[in-house]
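S.K.:
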Amino acid sequence: MGSRLRVAALAGVSGVAGSFAAAGYTRQFVAAPVDALVVRATPGALVAWMITNVGESAHVLHVALAVGIVAGLFGATAVVGRAVAARSGWRLAGAGLAGVLSWAVAATITDAPGLALAAGAPVAVVTAVEAGPAARRELDVTRRRVVRSTVGALGFASVASAVGWYQSVGVGDDAVPAATGERSEAVQERLEAAADRELDLAADDVPGLVSPIGEFYNVDIAEFDPTVPDDDWTLTVTGEVESPQQFDFADVRERPTEHRFVTLRCVGEGLNGRKLDTAVWTGTPLKPLLEEVDPGGDCGCAMLRAHDDYFVQFPVDALEDAFLAWGMNGRPLPKSHGHPVRVLVPGHWGETNVKWLSEIELLDEEADGYWEERGWHGTGPVNTVAKLWDDTRLADGRIEVAGHAYAGTRGIERVEVSTDGGRTWTDAELSEPLPGEDVWRQWHHVYEPDGTHEVVVRATDGEGQLQPEERADSFPSGATGWVSKRIEP
Ligand SMILES: Nc1nc2c(c(=O)[nH]1)N[C@H]1C(S)=C(S)[C@@H](COP(=O)(O)O)O[C@H]1N2
Ligand SMILES: [Mo]
434 MGSRLRVAAL AGVSGVAGSF AAAGYTRQFV AAPVDALVVR ATPGALVAWM
484 ITNVGESAHV LHVALAVGIV AGLFGATAVV GRAVAARSGW RLAGAGLAGV
534 LSWAVAATIT DAPGLALAAG APVAVVTAVE AGPAARRELD VTRRRVVRST
584 VGALGFASVA SAVGWYQSVG VGDDAVPAAT GERSEAVQER LEAAADRELD
634 LAADDVPGLV SPIGEFYNVD IAEFDPTVPD DDWTLTVTGE VESPQQFDFA
684 DVRERPTEHR FVTLRCVGEG LNGRKLDTAV WTGTPLKPLL EEVDPGGDCG
734 CAMLRAHDDY FVQFPVDALE DAFLAWGMNG RPLPKSHGHP VRVLVPGHWG
784 ETNVKWLSEI ELLDEEADGY WEERGWHGTG PVNTVAKLWD DTRLADGRIE
834 VAGHAYAGTR GIERVEVSTD GGRTWTDAEL SEPLPGEDVW RQWHHVYEPD
884 GTHEVVVRAT DGEGQLQPEE RADSFPSGAT GWVSKRIEP
């Protein structure tokens, strides 16, 4: 039993590492599709709990589980292979069987038979070494074999993992073609205009008005981003339409180009969380494309689908001012933000801004989206929020508190600060609004502290509505309440 477990473990680790070496951290890595299944099978309540309590590190858990499952499958093939070798006395038959079986497992899971060889081969080798002549049971022979296969398999796994990591550098945002090219003048102008409007803050933990690529938050249902080359991308508009249409990347790029400041905020973020960012997006309005298909459908709603099997449904009316974006801060849309094309829906929660967009289906009847199936209500307009992201003691003893405020298309009209736990309020200074319908503003306030005190902030939106004081968790409809912080002298 002990030896069976060892064979399984060594073969499992080697097979997974071999696949990783060949595929890197992509969807062709054997653990990737299994990870997607694991995430999909996780009950919504657990996902919500993880998002609120574990946060970003939760992904380590499901990836580890996926790796474990795949390693278990490879391990099982090695155990079978070794048993066959022992029975038949034909060592290579057993090793070959294990190799072929694990290749088949990997090829089936990833749909990439070529790369799957990199998983099958190491499993076969481990099995061959471990299936050495069973008749000779002398201790030192067995021990030598154990040492050889253990050192060999773990050595291989280390090198293969290093190769895999090396391959994965560049699989992220930097891999996008032409990411190093010159920014267009139009975008450059906007970035400079935004920089001019930034408040002069002492605080160093408050980002500027445009979030650099790489610092812009990221929320994905899939651990492994889909790779969609520009030339392979199409958008189909189907369902209840007069004339279904398909657009490719060139069709979309030929349309009138605009550069828009748009802020995104995730419904799952905590009240004072940081899943709130702004970029200059380059793209074209969606409306003319929809007019070409002449949408119908009884519910006036649309299902948007994507290459990672994400889907979200919301009213067609919300698409009226939507934007198809292929550029971000003057770069091609990075892979992690939906390369080559995503949709931006002004003022609505982040989840409506479908990345790797593939299809818009006009529906006859309402249906749930991916997050709605898991209990969230994240397809409507965002809640108003003022973040308190930093407090800094200045050289003269005063304190600066600062952050951002956002209310979607309602805009931010005012941010108030209380330094006495909410008894009295003062207006904070706000950054000049960025041009755009759906943008955040920075705020700050400097004051003389008086012992231990509690700072509270609240925003008023462009319609004169004060941010609601009542506290609610992000699940299911977005966090509410006023952010407050106790500050010691
Ligand atoms: N295809 C696809 N689109 C998606 C998601 C996703 O997982 N897959 N996540 C959504 C969520 S929940 C949010 S908050 C935003 C985040 O966009 P970002 O990662 O570019 O910040 O994308 C939305 N669009
Ligand atoms: Mo989100």
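Counting with my numbering, you get residues 434 to 922 for the letters of the sequence shown. Cβ atoms here follow ideal geometry from the backbone N, Cα and C, with glycine treated the same way.
Between which two residues does the beta strand (DSSP E) harbouring H837 extend?
M.R.: It spans 832-839 - the beta strand (DSSP E) in which H837 sits, taken as one unbroken run.
S.K.: Would you mind giving the Cβ-Cβ distance between G802 and V745, rounded to the nearest angstrom? I have them listed as a contact below 8 Å.
M.R.: Yes, they are in contact, since the Cβ atoms of G802 and V745 sit about 4 Å apart, within 8 Å.
S.K.: To the nearest angstrom, how far is it from the Cα of V496 to the Cα of P689?
M.R.: Taking the straight line from one Cα to the other gives about 42 Å.
S.K.: Compare the Cα-Cα distances from A552 to each of D871, W876, V449, L899 and report the closest residue.
M.R.: Closest by alpha carbon: V449.
S.K.: Compare the Cα-Cα distances from V685 to each of G808, V695, T715 and report the closest residue.
M.R.: Taking only the C-alpha atoms, the option nearest V685 is T715.
S.K.: E784: beta carbon under 8 Å from a heavy atom of ligand 2?
M.R.: Yes, the beta carbon of E784 sits closer than 8 Å to at least one heavy atom of ligand 2.
S.K.: So, is W876 buried or exposed, given that buried needs 16 or more other C-beta atoms within 10 angstroms?
M.R.: It is buried - the Cβ of W876 has at least 16 other Cβ atoms within 10 Å.
S.K.: Return the chain-ordered ranges of every beta strand (DSSP E) run that is complete within the segment 712-794 and spans a minimum of 3 residues.
M.R.: As far as the segment 712-794 is concerned, its whole beta strand (DSSP E) runs of at least 3 residues are 734-739, 744-748, 756-761, 775-777.
S.K.: How many Å lie between G435 and F507 at the Cα?
M.R.: Each residue's alpha carbon lies about 17 Å from the other.
S.K.: Would DSSP call H427 helix, strand or coil?
M.R.: An answer regarding residue 427 cannot be provided, because it is not within the stretch 434 to 922 covered by the chain.
S.K.: Can you tell me whether DSSP reads D681 as helix, strand or coil?
M.R.: It is a strand residue.
S.K.: Where do the N-terminal and C-terminal ends of the alpha helix (DSSP H) with G532 fall, by residue?
M.R.: Taken as a continuous stretch (DSSP letters only), the alpha helix (DSSP H) holding G532 covers 524-543.
S.K.: Out of R919, D797, S769, point me to the one whose CA is closest to E790's CA.
M.R.: Residue identity check: residue 790 is Leu in the sequence provided, not Glu. Closest option to L790, Cα to Cα, is S769.
S.K.: Counting pairs of Cβ atoms below 8 Å between the segment 687-706 and the segment 663-671, do you hit three or more?
M.R.: Verdict: no, contact absent.
S.K.: Quick one: using the 10 Å Cβ neighbour count with 16 as the cut-off for buried, is N486 buried or exposed?
M.R.: Exposed is the call here.
S.K.: Helix, strand or coil, according to DSSP, for L867 in the structure here?
M.R.: Of the three classes helix, strand and coil, the one that applies to L867 here is coil, per DSSP.
S.K.: Would you report the Cα separation of V493 and V472, rounded to the nearest angstrom?
M.R.: Approximately 12 Å, taken between the alpha carbons.
S.K.: Are the segment 748-760 and the segment 700-711 touching by the rule of at least three beta carbon pairs closer than 8 Å?
M.R.: Judged by Cβ distances under 8 Å, the segment 748-760 makes no contact with the segment 700-711, as fewer than three pairs qualify.
S.K.: So A465 and F657 are in contact, right, with Cβ under 8 Å, and what is the actual spacing, rounded?
M.R.: That pair is a contact at about 4 Å.
S.K.: Checking the sheet assignment: what are the DSSP bridge partners for F694?
M.R.: Beta-bridge pairing links F694 to V713.
S.K.: Quick one: residues in its chain with C-beta nearer than 6 Å to the C-beta of E881, no 5 flanking neighbours on either side, listed in chain order?
M.R.: For E881, where only same-chain residues beyond five positions count, the Cβ hits under 6 Å are R831.
S.K.: Whose C-alpha, out of G532, R874, G488, L709, is nearest the C-alpha of E648?
M.R.: Ranking G532, R874, G488, L709 by Cα distance to E648 puts L709 first.
S.K.: Would you list the one or two residues that DSSP bridges to S917?
M.R.: According to DSSP, S917 bridges with V889.
S.K.: Would you be able to state if there are at least three C-beta pairs under 8 Å between the segment 534-548 and the segment 510-526?
M.R.: With a cut-off of 8 Å, the segment 534-548 and the segment 510-526 count as touching, because enough Cβ pairs lie within range.
S.K.: Thinking C-beta only, is I646 closer than 9 Å to N939?
M.R.: There is no way to answer for residue 939, as the model of the chain reaches only from 434 to 922.
S.K.: What is the rounded straight-line gap between the Cα of V609 and the Cα of P767?
M.R.: For V609, the pLDDT reaches just 43, beneath the cut-off of 50, and the residue's location in the model is therefore unreliable, although a value from the coordinates is still provided. Straight-line Cα distance between these residues: approximately 6 Å.
S.K.: Any heavy atom of ligand 2 closer than 8 Å to the beta-carbon of K918?
M.R.: The answer is no for K918.
S.K.: Going by CA-CA distance only, name the one from E631, G844, C734 that's closest to L796.
M.R.: When each option's Cα is compared against that of L796, the closest is C734.
S.K.: When DSSP labels each residue in this structure, what does D663 get in the three-state scheme?
M.R.: Here D663 sits in helix by DSSP.
S.K.: Looking at the structure shown, is R847 part of a helix, part of a strand, or coil, going by DSSP?
M.R.: Note: R847 maps to strand in three-state DSSP.
S.K.: Does at least one heavy atom of ligand 1 sit under 8 Å from the Cβ of L752?
M.R.: No, since every heavy atom of ligand 1 falls outside the 8 Å radius drawn around the Cβ of L752.
S.K.: Taking R826 as part of the alpha helix (DSSP H), name the residues at either end of that continuous run.
M.R.: From DSSP, R826 is part of no alpha helix (DSSP H) but of the beta strand (DSSP E) over 823-826.
S.K.: Does L704 come out as helix, strand or coil in the three-state DSSP assignment?
M.R.: Of the three classes helix, strand and coil, the one that applies to L704 here is coil, per DSSP.
S.K.: Could you give the first and the last residue of the continuous alpha helix (DSSP H) run that contains D629?
M.R.: Unbroken alpha helix (DSSP H) run through D629: 618-630.
S.K.: State yes or no: is the C-beta of G771 nearer than 8 Å to some heavy atom of ligand 1?
M.R.: The answer is yes for G771.
S.K.: Any chance the CB of G811 is under 8 Å from a heavy atom of ligand 2?
M.R.: Yes - ligand 2 has a heavy atom lying nearer than 8 Å to the Cβ of G811.
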